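Under my numbering, residues 1 to 255 are what the sequence shown spells out, in order.
Encoded as structure tokens, the structure appears first; notes follow it.
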Amino acid sequence: MKNKKGDDWIPLWIDKWLFGSMRHELNPEERSVWTDFLALAGKDDGFIRANEITPYPISQLAGLLCVSPEIVESTIKKCVEFGKITITEYKTLYITKHEEYELSGRHRRRIDKELELEKNKIESKSKRGSKKEDIVSPKEDITDKPISKRTIEPPKGKDESQYNANDLLWYFCKLFNDKIGIPYTVVWGKDNKLFAELLKVPHPPKRILNMIDLFFDDDSEKSWTKDKLDVGVFKSQVNKLAIKINEIRSVSKGR
Numbered sequence: 001m002k003n004k005k006g007d008d009w010i011p012l013w014i015d016k017w018l019f020g021s022m023r024h025e026l027n028p029e030e031r032s033v034w035t036d037f038l039a040l041a042g043k044d045d046g047f048i049r050a051n052e053i054t055p056y057p058i059s060q061l062a063g064l065l066c067v068s069p070e071i072v073e074s075t076i077k078k079c080v081e082f083g084k085i086t087i088t089e090y091k092t093l094y095i096t097k098h099e100e101y102e103l104s105g106r107h108r109r110r111i112d113k114e115l116e117l118e119k120n121k122i123e124s125k126s127k128r129g130s131k132k133e134d135i136v137s138p139k140e141d142i143t144d145k146p147i148s149k150r151t152i153e154p155p156k157g158k159d160e161s162q163y164n165a166n167d168l169l170w171y172f173c174k175l176f177n178d179k180i181g182i183p184y185t186v187v188w189g190k191d192n193k194l195f196a197e198l199l200k201v202p203h204p205p206k207r208i209l210n211m212i213d214l215f216f217d218d219d220s221e222k223s224w225t226k227d228k229l230d231v232g233v234f235k236s237q238v239n240k241l242a243i244k245i246n247e248i249r250s251v252s253k254g255r
């Protein structure tokens, strides 16, 4: 075996494996040995051999692959007959179309890129793990200070019609603190995203502010807040709150 390291893995092309001629040429045991041969050949540029001029004895291959010598022999015989294996002048074995069982340069580059992206994604999540949640201290006046060390700050001097997702999240935190009396735990990457989605529906910022007011209103229906009162629950009740607001407005206009 020339290169003890070789490739880390070989591709198994689905259509060739399931619908190729090998399905009829080899029995199940021989197909398993053929797959082992591909793995061995992947470590030596397509060859199956002890070294460049020395073939593996059948008994050694059988022991290595944990099969009987008879299965190894029948697999080699059939693979030679069907042009899958070539026996060299030194009696070593060579996968006849080895390049077809390798990844092309294009596939290697694509897979390497995907693996690198996945690695970076995992590392990024790991770095953010300890910062996923920030808590507002109950001693802080959240009307004058940022909600946390992150980017959310009170929208001072900003018209409510121009509020963005972070502004709405700030208002939600403020009302939570005012009404419940404890700090709201912000789940970054989730809570502000939910408000951004509401703005895309589109719900105007002022309507969302009214819905937040109603959500925390002591006189409103609060069956959904018995166990939990957070941005996710609020978003799940948006349609109900919007209908309630319309009903309130209709009553006000009728007076």
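Every residue gets a Cβ at the ideal spot worked out from N, C-alpha and C, and that includes glycine.
All of these numbers come straight from a predicted model, not from anything done at the bench.
Inset, instruction - Would you tell me roughly how many angstroms separate the C-alpha atoms of ASN164 and HIS203, rounded to the nearest one? - result: In the sequence shown, counting from the first residue as 1, residue 164 sits at position 164. In the sequence shown, counting from the first residue as 1, residue 203 sits at position 203. Cα to Cα, the separation comes out at about 11 Å.
Inset, instruction - Could you pull the start and end residues of the alpha helix (DSSP H) that TYR94 belongs to? - result: Within the sequence shown, the letter at position 94 stands for residue 94. Per DSSP, TYR94 belongs to no alpha helix (DSSP H); it is in the beta strand (DSSP E), 93-95.
Inset, instruction - Please list, in chain order, all residues of the same chain as ILE53 whose beta carbon is under 8 Å from its beta carbon, the five residues on each side excluded. - result: Taking the sequence shown and counting its residues from 1, the one referred to as residue 53 is at position 53. Contacts found: TYR90, THR92.
Legend entry - Assigned secondary structure, THR88 (DSSP; H/G/I helix, E/B strand, else coil): Against the sequence shown, residue 88 aligns to sequence position 88. In this structure, THR88 counts as coil in the three-state DSSP scheme.
Inset, instruction - Spell out a yes or no on whether the region 168-180 and the region 188-199 are touching, meaning 3 or more CB-CB pairs, one atom from each, closer than 8 Å. - result: These segments touch.
Inset, instruction - Taking only beta-carbon positions, decide if PRO204 is within less than 8 Å of chain D. - result: In the displayed structure, chain D is absent; only one protein chain is listed.
Legend entry - Contact under 8 Å by Cβ, LEU26 with LYS78: Numbered from 1 along the sequence shown, position 26 holds the residue referred to as residue 26. Numbered from 1 along the sequence shown, position 78 holds the residue referred to as residue 78. Taking the C-beta atoms as reference points, LYS78 is found nearer than 8 Å to LEU26.
Legend entry - Rounded straight-line distance, which links the Cα of ILE122 to that of LEU18: For this step, residue 18 is matched to residue 18 along the sequence shown. For this step, residue 122 is matched to residue 122 along the sequence shown. Straight-line Cα distance between these residues: approximately 34 Å.
Legend entry - Contacts around PRO155, its chain only, beta-carbon distance under 7 Å, and the 5 residues preceding and following it disregarded: Here residue 155 refers to the residue found at position 155 of the sequence shown. Within the same chain, PRO155 has close Cβ partners TYR163, ASP167, TRP170.
Legend entry - Three-state class that DSSP yields for ASN164 in the structure shown: Residue mapping note: residue 164 aligns to position 164 of the sequence shown, counting from 1. Coil at ASN164, not helix or strand.
Legend entry - Cβ pair ILE180, LEU214 closer than 8 Å: Reading the sequence shown from its first residue, position 180 is the one you call residue 180. Reading the sequence shown from its first residue, position 214 is the one you call residue 214. Annotated as distal: ILE180 and LEU214, with beta-carbon spacing of 8 Å or more.
Legend entry - Other residues of its chain near LEU61: CB distance less than 7 Å, five sequence neighbours each side excluded: For the purposes of this step, residue 61 is taken as the residue at position 61 of the sequence shown. Around LEU61: VAL72.
Legend entry - As assigned by DSSP and simplified to three states, the class of ILE248: Residue numbering aside, residue 248 sits at position 248 when the sequence shown is read from its first letter. ILE248 falls in the helix class under three-state DSSP.
Inset, instruction - Find the nearest neighbour of GLU100 within the set PHE234, TYR56, TRP13, judged by alpha-carbon distance. - result: Within the sequence shown, numbered from 1, the residue matching residue 100 stands at position 100. That would be TRP13, whose Cα lies nearest to the Cα of GLU100.
Inset, instruction - Taking only the alpha-carbon atoms, compute the straight-line gap between LYS149 and GLU116 and give it to the nearest angstrom. - result: Within the sequence shown, residue 149 is the residue found at index 149, counting from 1. Within the sequence shown, residue 116 is the residue found at index 116, counting from 1. Below a pLDDT of 50, predicted positions are generally treated as unreliable, and LYS149, at 43, falls in that range; no measurement from the model is reported.
Inset, instruction - Would you mind stating whether GLU118 and SER74 have Cβ atoms separated by less than 8 Å? - result: In the sequence shown, residue 118 corresponds to position 118, counting from 1. In the sequence shown, residue 74 corresponds to position 74, counting from 1. No. Outside cutoff.
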